[in-house]
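Okay, so the sequence shown: first residue is 1 according to full-length UniProt numbering, each after it adds one.
Glycine is no exception: its CB is placed at the ideal position from the N, C-alpha and C atoms.
The next block holds one structure in the form of structure tokens; read it before the comments.
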Amino acid sequence: MKQAISPQIYSRIDNDMYQYDGDQWWTGNNVYHLLKGSVNPCRFPYFLKTYTDVLKRNPHNKQAIEVGCGGGILAEEIASAGFALTGIDPAEKSLDTARAHARIYNLNIDYRLGTGEEIPFPDHHFDVVFCCDVLEHVRDLPKCIAEFSRVLKPGGVFFFDTFNRNLLSKLIVIKLWQEWKSTAMMPPKLHVYEMLVKPSELRELMQTNDFGKIEFKGMSPNINPLKMVHLLRKRAKGKITYEDLSDQMKLKESNDTKVGYMGYGVKKG
Ligand SMILES: C[S@@+](CC[C@H](N)C(=O)[O-])C[C@H]1O[C@@H](n2cnc3c(N)ncnc32)[C@H](O)[C@@H]1O
1 MKQAISPQIY SRIDNDMYQY DGDQWWTGNN VYHLLKGSVN PCRFPYFLKT
51 YTDVLKRNPH NKQAIEVGCG GGILAEEIAS AGFALTGIDP AEKSLDTARA
101 HARIYNLNID YRLGTGEEIP FPDHHFDVVF CCDVLEHVRD LPKCIAEFSR
151 VLKPGGVFFF DTFNRNLLSK LIVIKLWQEW KSTAMMPPKL HVYEMLVKPS
201 ELRELMQTND FGKIEFKGMS PNINPLKMVH LLRKRAKGKI TYEDLSDQMK
251 LKESNDTKVG YMGYGVKKG
């Protein structure tokens, strides 16, 4: 069973980058733009289609929480679909950005300080928990999954996306995207290999915490590896921006969970 991350391993991830001053989330030419341009178009339609067409629920005014909402890039999609949304994050600076952006677009999202390990809400409060691109950042994944189950009503739904942990994901997520200077598009301590999460580990934690119906889907690039390397090299040389990169490199739903994956679980009711 996956355990909490040891202090030695946790010290290698830079979760402080979410506390930097200024709006890093919505300003275009940085790695956050990929969440909006390349990741959202894959994950959010899958979440919404699952909620409405597969689970036959109506998002309108359902109580939802996004855990680890950052600057609100996914939160705004969730709120726009009709959910009554709370976003929590440990980074106050990111929450400031999220609040300011939601105000401009007239979106009513309740942003608060909090972590996945200690969600500041009572039991059985939410219909839906979203936790996306966060499971690989947390200190105590078992505690987080237990918290998601605790705050969900019976029959509530947990949606997620994250990275798998194996040789291929190490090559792509850690080496190609982060460590090798000629291709890197992410800051060097954004992800730590040992903190990535195997689908089997997540499934086991979900089953232990009362999640019944569970599905995993792959998130795969829409371009071949050679084209990806070519674009990454151009980006690293400054010949294209992150916006250009995300226009040409998007994720799509697949059956291949070896690198990125998403999915959901329904809490037993
Ligand atoms: C890659 S961002 C994801 C933002 C957003 N969920 C999205 O997908 O667009 C990771 C976020 O996780 C937050 N985070 C880090 N540790 C966390 C924890 N223990 N509980 C909740 N959020 C955490 C960070 O502050 C950061 O905002």
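Item: Nearest residue (CA-CA) to ILE118, options PRO142, GLU147 and LYS93; Value: Here residue 118 turns out to be Glu, not Ile, going by the sequence shown. Checking every option, the nearest Cα to that of GLU118 belongs to GLU147.
Item: Closer than 6 Å: ILE42 CB and nearest ligand 1 heavy atom; Value: A small fix is needed here, since residue 42 is Cys in this sequence, not Ile. CYS42: no, Cβ never under 6 Å from ligand 1.
Item: Assigned secondary structure, ILE214 (DSSP; H/G/I helix, E/B strand, else coil); Value: strand
Item: Whether ILE78 touches GLY114 by CB criterion (7 Å); Value: no
Item: Distance CB(LEU107)-CB(GLU76) smaller than 7 Å; Value: yes
Item: Those residues which DSSP pairs with ALA84 across a bridge; Value: GLN63
Item: In DSSP terms, what ARG112 is bridged to; Value: ILE88
Item: Residue from GLU179, ASN61, LEU55 and LEU48 whose Cα sits closest to the Cα of LEU74; Value: LEU48
Item: MET262 vs LYS217 beta-carbon contact at 7 Å; Value: yes
Item: Unbroken alpha helix (DSSP H) run spanning CYS69, endpoints; Value: Premise fails: CYS69 is in no alpha helix (DSSP H) and is neither H nor E.
Item: Nearest neighbour of SER29, chosen from MET195, GLN3 and SER246 [CA to CA]; Value: For the record, residue 29 in the displayed sequence is Asn; it is not Ser. Cα-wise, what sits closest to ASN29 is SER246.
Item: Endpoints, alpha helix (DSSP H) assigned at PRO199; Value: 199 to 208
Item: N- and C-terminal bounds of the beta strand (DSSP E) containing VAL128; Value: 126 to 132
Item: Own chain, CB closer than 6 Å to ARG150, minus 5 neighbours either side, in chain order; Value: ASP123
Item: Test item: CB-CB of LYS258 and LEU168 under 7 Å; Value: yes
Item: SER94 Cβ short of 6 Å to ligand 1 heavy atom set; Value: yes
Item: Residues of its chain near ASN166, where Cβ-Cβ distance is below 7 Å and the 5 sequence neighbours each way are ignored; Value: LYS258
Item: Residue ranges of each alpha helix (DSSP H) within the stretch 145 to 180, 4 or longer; Value: none
Item: Same chain, Cβ closer than 6 Å to SER254, neighbours up to 5 away in sequence not counted; Value: GLY218 and SER220
Item: DSSP three-state assignment for VAL259, whether helix, strand or coil; Value: coil
Item: Contact between the stretch 60 to 73 and the stretch 127 to 144 (3+ Cβ pairs under 8 Å); Value: yes
Item: MET195 beta carbon less than 7 Å from that of VAL31; Value: no
Item: Span separating the alpha-carbon of ARG57 from that of TYR51; Value: 6 Å
Item: Any non-hydrogen atom of ligand 1 within 6 Å of ASN30 CB; Value: no
Item: Own chain residues within Cβ distance below 8 Å of PRO187, not counting five before or after; Value: ASP14, MET17, VAL31 and GLN178
Item: LEU251: first and last residue of the uninterrupted beta strand (DSSP E) it sits in; Value: 251 to 254
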